[in-house]
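Here's the structure, in structure tokens; my notes come after.
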């Protein structure tokens with residue numbers, strides 16, 4: 001393993017730990033990330049892999065085996081974990097704005113509740129969370145919304161507060 005890969009692997013481990021806390025919360029304790037030292041294709045860049053521990057089966061499996069909704073949760077958890085690591089190491093600078101474009105349509109109702117709970121916690125903690133979604137159930141969950149209204153003159157925004 002090159003020095004560069006070693007340093008990246010150490011950073012990825014930190015992000016995986018922070019992301020796992022988020023993923024466990026969103027998945028009801030089912031999933032967490034496992035940093036792997038296995039070499040990638042052609043024996044390159046060992047230490048830069050992530051698998052998922054599934055507490056339902058007790059097995060560690062490749063992240064690519066997750067369903068669409070599970071992949072969305074894992075991606076969101078990693079993004080939040082990265083933001084947590086950056087905030088912890090940047091002298092208190094917080095990444096306080098997060099935009100999520102779609103992905104919610106692949107979640108079942110219970111999983112959507114868990115993910116929205118995590119996003120609500122972020123919002124309560126002072127972060128701005130912007131969501132782009134066409135899922136009707138999201139309208140009831142998000143108090144302040146911007147609607148894009150298309151008409152013959154083009155598009156305009158309409159602000160709505162629940």
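Numbering (my numbering), first residue to last: 1 to 162.
Think of the CB as a built atom: it goes at the ideal place given N, C-alpha and C, for glycine as much as any other residue.
In its own chain, which residues sit with a C-beta less than 6 Å from the C-beta of residue i, not counting the 5 before and 5 after it?
i           : result
residue 141 : 116
residue 99  : 130
Between residue i and residue j, what straight-line distance do the alpha-carbon atoms span, to the nearest angstrom?
i           : j           : result
residue 107 : residue 137 : 11 Å
residue 77  : residue 150 : 33 Å
residue 143 : residue 5   : 44 Å
residue 14  : residue 124 : 25 Å
residue 52  : residue 162 : 38 Å
Shortest alpha-carbon distance to residue i belongs to which of the options?
i           : options         : result
residue 165 : 18, 14, 134, 66 : A question about residue 165 goes unanswered here, because the residues of the chain that appear run from 1 up to 162.
residue 114 : 62, 154, 70     : 70
residue 33  : 158, 3, 60      : 60
Output needed for residue i: all residues of its chain with C-beta closer than 7 Å, excluding positions within five of it in sequence on either side, in chain order.
i          : result
residue 30 : 54, 55, 56
residue 22 : 77, 80, 81, 118
residue 95 : 83, 86, 87
Which residue comes first and which comes last in the beta strand (DSSP E) that contains residue i?
i           : result
residue 109 : It is not in any beta strand (DSSP E) - residue 109 instead sits in the alpha helix (DSSP H) that spans 109-124.
residue 50  : 49-54
Between which residues of its own chain and residue i is the CB-CB distance below 8 Å, once the five residues before and five after are set aside?
i           : result
residue 105 : 133, 134, 135
Starting from residue i, follow the alpha helix (DSSP H) in both directions and report where the run begins and ends.
i           : result
residue 137 : 136-141
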